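Q: In my numbering, the protein residues as written are 1439 to 1781.
I have a structure here, written as structure tokens, and I will follow up with some questions on it.
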């Protein structure tokens, strides 16, 4: 099923209950290098999306949008990440109506992704901004949804596409896991009282990585790293008590152009599964075996979209993850999980 009938340059998709009715709605970020209108699709309470409206009055060169309670008032706001243009905050009035409430990060940076997390442990959501080929930024929330203080992370010229926040060293704060492309190695930066100078490399050193997730894939109590690569196998790097990620598993050997991944227990068997969004190839769910830690693939469709983002989200409130998919110059789609909910 599709979100609307338009075929746009959609680069990002996320889900959250923006109108407070108890059902996940969907936000689409459109444009990339060319200005377009971002959109919100409302869930009708049955897992369908027949109603939509524009986010803000500006057309934007958007690569990313994320939802979260940025001003601490109990509803979901939206952070919008734009290419070579100001990144914007939209605050929610509690009913799904949004007003622009300022900007964050550099005024004209090549933003590719946003991650919302309480990186400084002060009780509010901060914004991490990945800027391909430019300085990455942590934009600190003052508690009201304003982001005046910014600190850099990673190397100045990292070609960072994605960042995941997770407590890698299990010391109670969030560390940074970076996915870099253009031949740049991937790194973990450990959080030492908001200083990120201690780094741990992972991967082959030359992977063209575009997406990264962290989860305990083998259920041993240590965080593992799942990486989606462009033209290289997609891999899991298993963590250890020694903070090494040398043990590696290829779960997808296809060498597709993977642009996005997500991780969730799709079939409710107690093990995380992996969702893979590709450019020019079909998209897949890789289901983990409960016996030997191998993965079997389920193809979402025969279509070969230019999928820029793909995520798990429960759209029909049955407690099973469904799938939302952002496609460039094609319909943006969603898939209701019917495979396992009746088992």
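Ideal Cβ placement from N, Cα and C applies to all residues, glycine included.
Computed from a predicted structure; not experimentally measured.
Identify which residue in 1484, 1455, 1549 and 1499 has its Cα closest to the Cα of residue 1516.
A: Working through the chain shown from its first residue, we reach residue 1516 at position 78. With distances taken between Cα atoms, residue 1516 lies closest to 1455.
Q: Just how far apart, CA to CA, sit residue 1666 and residue 1449?
A: Your numbering for residue 1666 matches position 228 in the chain shown. Your numbering for residue 1449 matches position 11 in the chain shown. It is roughly 16 Å from the alpha-carbon of residue 1666 to the alpha-carbon of residue 1449.
Q: Just to confirm before moving on: does the CB-CB distance between residue 1445 and residue 1713 stay below 9 Å?
A: To locate residue 1445, count along the chain shown from 1; it is residue 7. To locate residue 1713, count along the chain shown from 1; it is residue 275. Contact flag unset, no.
Q: Take residue 1635 and list the residues in its own chain whose beta-carbon comes closer than 8 Å to its own, dropping the five residues that flank it on each side.
A: What you label residue 1635 is simply residue 197 of the chain shown in a count that begins at 1. 1627.
Q: Pick out the complete beta strand (DSSP E) segments inside the segment 1666 to 1751, 3 residues or longer, and give them in chain order.
A: 1672 to 1676, 1685 to 1690, 1695 to 1702, 1711 to 1717, 1722 to 1726, 1733 to 1737 and 1745 to 1751
Q: Please state whether the Cβ-Cβ distance between residue 1615 and residue 1624 is less than 9 Å.
A: Mapped onto the chain shown, residue 1615 falls at position 177. Mapped onto the chain shown, residue 1624 falls at position 186. Taking 9 Å as the Cβ cut-off, residue 1615 and residue 1624 qualify as a contacting pair.
Q: Would you report the Cα separation of residue 1573 and residue 1597, rounded to the nearest angstrom?
A: Numbered from its first residue, the chain shown carries residue 1573 at position 135. Numbered from its first residue, the chain shown carries residue 1597 at position 159. Spanning the two alpha carbons is a distance of roughly 9 Å.
Q: Taking just the CA atoms, how far does residue 1503 sit from residue 1452?
A: Locating residue 1452 in the chain shown gives position 14, where the first residue counts as 1. Locating residue 1503 in the chain shown gives position 65, where the first residue counts as 1. Their Cα atoms are separated by approximately 7 Å.
Q: If the criterion is Cβ atoms closer than 9 Å, does the pair residue 1738 and residue 1761 meet it?
A: Mapped onto the chain shown, residue 1738 falls at position 300. Mapped onto the chain shown, residue 1761 falls at position 323. Closer than 9 Å, so yes.
Q: With a CB to CB cut of under 8 Å and the five nearest residues on each side skipped, what residues in its chain are close to residue 1759?
A: Within the chain shown, residue 1759 is the residue found at index 321, counting from 1. 1702, 1703, 1704, 1750, 1751, 1752 and 1775, listed in sequence order.
Q: I believe residue 1788 touches residue 1744 by the beta-carbon criterion, under 8 Å. Please report the beta-carbon distance rounded to the nearest angstrom.
A: Because the chain is modelled from 1439 through 1781, residue 1788 falls outside the range shown and cannot be assessed.
Q: Could you tell me which of 1512, 1514 and 1543 sits nearest to residue 1526, measuring between CA atoms?
A: As a first step, residue 1526 must be located in the chain shown, where it is residue number 88. Answer by Cα proximity: 1543.
Q: Rounded to whole angstroms, what is the Cα-Cα separation between residue 1584 and residue 1462?
A: Counted from its first residue, the chain shown places residue 1584 at position 146. Counted from its first residue, the chain shown places residue 1462 at position 24. For residue 1584 and residue 1462, the distance between alpha carbons rounds to 25 Å.
Q: Report all residues from its chain with a CB closer than 7 Å to the CB of residue 1700; omit the five preceding and five following residues, and keep chain order.
A: Taking the first residue of the chain shown as 1, we reach residue 1700 at position 262. Taken in chain order, the residues that qualify are 1651, 1713, 1748, 1749 and 1750.
Q: Who are the near neighbours of residue 1645 in its chain, counting only those whose CB is closer than 6 Å to its CB and skipping five residues on each side?
A: The count along the chain shown starts at 1 and reaches residue 1645 at position 207. Here the set comprises 1667 and 1670.
Q: Do the CB positions of residue 1767 and residue 1508 come within less than 9 Å of each other?
A: Counting from 1 along the chain shown, the entry for residue 1767 is found at position 329. Counting from 1 along the chain shown, the entry for residue 1508 is found at position 70. The answer is no: Cβ separation not under 9 Å.
Q: Take residue 1558 and list the residues in its own chain whose beta-carbon comes closer than 8 Å to its own, dropping the five residues that flank it on each side.
A: Locating residue 1558 in the chain shown gives position 120, where the first residue counts as 1. Closer than 8 Å at the Cβ level, and outside the excluded window around residue 1558, lie 1564, 1578 and 1632.
Q: Does the distance from the C-beta atom of residue 1500 to that of residue 1520 stay below 9 Å?
A: To locate residue 1500, count along the chain shown from 1; it is residue 62. To locate residue 1520, count along the chain shown from 1; it is residue 82. Contact annotation: residue 1500 and residue 1520 have beta-carbon atoms nearer than 9 Å.
Q: Put residue 1548 into one of helix, strand or coil per three-state DSSP.
A: In the chain shown, residue 1548 corresponds to position 110, counting from 1. Strand at residue 1548.
Q: At the level of alpha carbons, what is the spacing between residue 1685 and residue 1611?
A: Indexing the chain shown from 1 puts residue 1685 at position 247. Indexing the chain shown from 1 puts residue 1611 at position 173. Taking the straight line joining both Cα atoms gives about 24 Å.
Q: So, helix, strand or coil for residue 1558, using DSSP?
A: Within the chain shown, the letter at position 120 stands for residue 1558. It is coil, neither helix nor strand.
Q: Run through the DSSP bridge pairs and tell me what residue 1498 is partnered with.
A: Position 60 of the chain shown, counted from the start, is the residue given in the question as residue 1498. Beta-bridge pairing links residue 1498 to 1474.
Q: Where does residue 1651 sit, in a helix, a strand or coil, going by DSSP?
A: If you number the chain shown from 1, residue 1651 lands on position 213. Residue 1651: strand per DSSP, three-state reduction.
Q: Of the choices 1478, 1498, 1568 and 1547, whose alpha-carbon is the least far from that of residue 1514?
A: For the purposes of this step, residue 1514 is taken as residue 76 along the chain shown, with counting starting at 1. Across the set 1478, 1498, 1568 and 1547, the C-alpha of 1478 shows the shortest separation from the C-alpha of residue 1514.
Q: Would residue 1510 pass as a contact of residue 1536 if the rule is Cβ separation under 9 Å?
A: For this step, residue 1510 is matched to residue 72 along the chain shown. For this step, residue 1536 is matched to residue 98 along the chain shown. Their beta carbons are not under 9 Å apart, which means residue 1510 does not touch residue 1536 by this criterion.
Q: In chain order, what residues of the same chain have a beta carbon less than 6 Å from the beta carbon of residue 1483, not counting five sequence neighbours either side?
A: For this step, residue 1483 is matched to residue 45 along the chain shown. So the list reads 1461, once near-sequence residues are dropped.
Q: For residue 1453, which three-state DSSP category applies?
A: Translated into the one-based positions of the chain shown, residue 1453 becomes position 15. In the structure shown, residue 1453 sits in a strand (DSSP, three-state: E or B).
Q: May I ask you to report which of helix, strand or coil DSSP gives residue 1460?
A: For the purposes of this step, residue 1460 is taken as the residue at position 22 of the chain shown. The three-state reading of DSSP puts residue 1460 in coil, since its state is none of H, G, I, E or B.
Q: Along the chain, where does the beta strand (DSSP E) containing residue 1526 start, and where does it finish?
A: Residue 1526 sits at position 88 when you count from the first residue of the chain shown. Residues 1525 to 1530.
Q: Going by the CB atoms, is the gap between residue 1658 and residue 1676 shorter than 9 Å?
A: Your numbering for residue 1676 matches position 238 in the chain shown. Your numbering for residue 1658 matches position 220 in the chain shown. Yes. Within cutoff.
Q: Less than 7 Å between C-beta atoms, sequence neighbours within five positions excluded: which residues of the same chain meet that for residue 1562?
A: Residue 1562 sits at position 124 when you count from the first residue of the chain shown. Counting only residues of its own chain and dropping the five nearest sequence neighbours on each side, residue 1562 has a CB closer than 7 Å to the CB of 1510, 1556, 1579 and 1581.
Q: Output the boundary residues of the beta strand (DSSP E) element that contains residue 1766.
A: On the chain shown, position 328 is the one that residue 1766 refers to. Residue 1766 -> beta strand (DSSP E) spans 1760 to 1768.
Q: By how many angstroms is the C-alpha of residue 1728 removed from the C-alpha of residue 1532?
A: What you label residue 1532 is simply residue 94 of the chain shown in a count that begins at 1. What you label residue 1728 is simply residue 290 of the chain shown in a count that begins at 1. So the two alpha carbons sit approximately 42 Å from each other.
Q: May I have the straight-line CA-CA distance separating residue 1679 from residue 1660, to the nearest angstrom?
A: Here residue 1679 is taken as the residue at index 241 of the chain shown, counted from 1. Here residue 1660 is taken as the residue at index 222 of the chain shown, counted from 1. Cα to Cα, the separation comes out at about 7 Å.
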